[in-house]
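Just below is one structure, and these are the notes that go with it.
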């Protein structure tokens, strides 16, 4: 008789425990459905159900947990529509929390029962809610953008990655597009977030996936090449630059970086040959001649460098760099004269050489002044002018350019 009573007592205890946990789930559900939802109380109410043996594997537990964040986000969206200020952090966290719970609930809802049958109760609504998080820009996209704006790039990356993964979820079938402009835009910003968090591995994976998507393609190739350079992967760095140059041969950025790589690797002749081939393919790109001028200057071919800069200006008269390039060639010629003058012992001959150098310095002045006129934000041009004005005794101009330089620093 005692054994029978004990067994009945245990059964009642187990039933009471199960009822208590299921009651917690129902209480949480009621707390978010009332006229003034209490989301904190709902979260507190459902917590014990996550650990209880009888409810922790119940799809409803996680479905209701997902509804808490979903309803909170929905309420905040309505507040936004009424023009009220909303804490984007709270809103975004509610979305991510509910999203994770919905995924767990979906898996449990589609787990075969003891008879091997799958009888989902919540899956249809879960798919609907997750699609809403994907399709409505005020959800995941807005939260990721908010994190990006406040420079929480790790957070932005995680949110954008969540967005990108939704169409790939088995529950979605082929209902969501991964080829429209919005999806590609988010993929692009996912890469930018990875770049800004200085995670080249993640950034490379995104850019490699994006480079053939016809979205900001030139920028993608530039960003991708930079990431390969950051990890010192020279092979992929040059390969990416080459492909970028093939696609955008009218943009000097790729060519300049290829040539700079050869120059810094002390392969100047190779850089020069590469540039000559590029000019042969596109003879009317002013920037190519500007770069050629720099390369020829490095090779000591000063006359050829001057011709290249002049050709660049013939094609594009407002190319500030080419004006400065000519100014630099003339300036350096004067510097060399002064170096040789320092070796002269005779004062009369020395002064003649200094006078000659100053005359050449003066010849470079209008080129730098034109460069500053065309690009007043380039401090390097102004630094050159400052030295010239000092050298040539042009005090007023020296004082004026000095103030401009100070204001830029």
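Numbering (this note's numbering), first residue to last: 1 to 409.
For each residue, glycine too, the CB sits at the ideal point set by N, CA and C.
Between residue 37 and the set 62, 66, 299 and 71, the nearest pair of CA atoms involves 71. Rounded to the nearest angstrom, the gap between the Cα atoms of residue 309 and residue 208 is 36 Å.
Apart from sequence neighbours up to five positions away, the residues of its chain that approach residue 49 with a beta-carbon distance below 6 Å are 21, 24, 25, 55 and 61, ordered along the chain.
Within the same chain, no residue comes within 6 Å of residue 132 by CB-CB distance, once the 5 residues on both sides are set aside. Under the criterion of beta carbons closer than 8 Å, residue 361 and residue 392 qualify as touching, at roughly 6 Å. The stretch 173-182 and the stretch 219-237 do not touch, with fewer than 3 CB-CB distances between them shorter than 8 Å.
By the beta-carbon neighbour count (other beta carbons within 10 angstroms, threshold 16), residue 408 is exposed. In terms of Cα proximity to residue 171, the closest of 120, 142, 215 and 203 is 120.
Rounded to whole angstroms, residue 141 and residue 169 show a C-alpha spacing of 18 Å. Taking 4 residues as the shortest admissible run, the stretch 32-94 contains the following complete alpha helix (DSSP H) segments, listed from N- to C-terminal end: 39-51 and 59-81.
Distance from the CA atom of residue 91 to the CA atom of residue 47, rounded to whole angstroms, is 20 Å. The C-alpha of residue 164 is placed about 56 Å away from the C-alpha of residue 388. Residue 178 carries a coil assignment under DSSP once its states are collapsed to helix, strand and coil. The beta carbon of residue 270 is closer than 8 Å to those of 262 in its chain, skipping five residues each way along the sequence. The three-state secondary structure of residue 408, taken from DSSP, is helix. Boundaries of the alpha helix (DSSP H) harbouring residue 370: 347-374, taken from the DSSP string. The three-state secondary structure of residue 215, taken from DSSP, is coil. If you ignore the 5 residues before and after residue 162, its C-beta comes within less than 8 Å of the C-beta of 96, 99 and 140, all in its own chain and listed in chain order. In chain order, 381, 382 and 385 place their CB closer than 7 Å to the CB of residue 372, counting only its own chain and leaving out the 5 sequence neighbours on each side. Your pair residue 306 and residue 268 does not check out as a contact, with CB atoms roughly 18 Å apart and the cut at 8 Å.
Less than 7 Å separates the beta-carbon of residue 290 from that of residue 322.
Taken atom to atom, the span from the alpha-carbon of residue 377 to that of residue 284 is near 26 Å. Between the C-alpha atoms of residue 197 and residue 155 there is a straight-line separation of about 10 Å. A direct Cα-to-Cα measurement between residue 44 and residue 106 gives close to 22 Å. Judged by DSSP in its simplified three-state form, residue 230 adopts helix. In chain order, 171 place their CB closer than 6 Å to the CB of residue 127, counting only its own chain and leaving out the 5 sequence neighbours on each side. Residue environment analysis places residue 150 among the exposed positions, since fewer than 16 neighbouring C-beta atoms fall within 10 angstroms of its C-beta. Per DSSP, residue 331 is one residue of the alpha helix (DSSP H) stretching across 320-341.
A check of alpha carbon separations from residue 231 across 202, 343, 257 and 252 identifies 202 as the nearest. Taking the CA atoms as reference points, residue 276 sits about 58 Å from residue 94. Counting only residues of its own chain and dropping the five nearest sequence neighbours on each side, residue 294 has a CB closer than 8 Å to the CB of 305 and 325. In the three-state DSSP reduction, residue 204 falls in the helix class (H, G or I).
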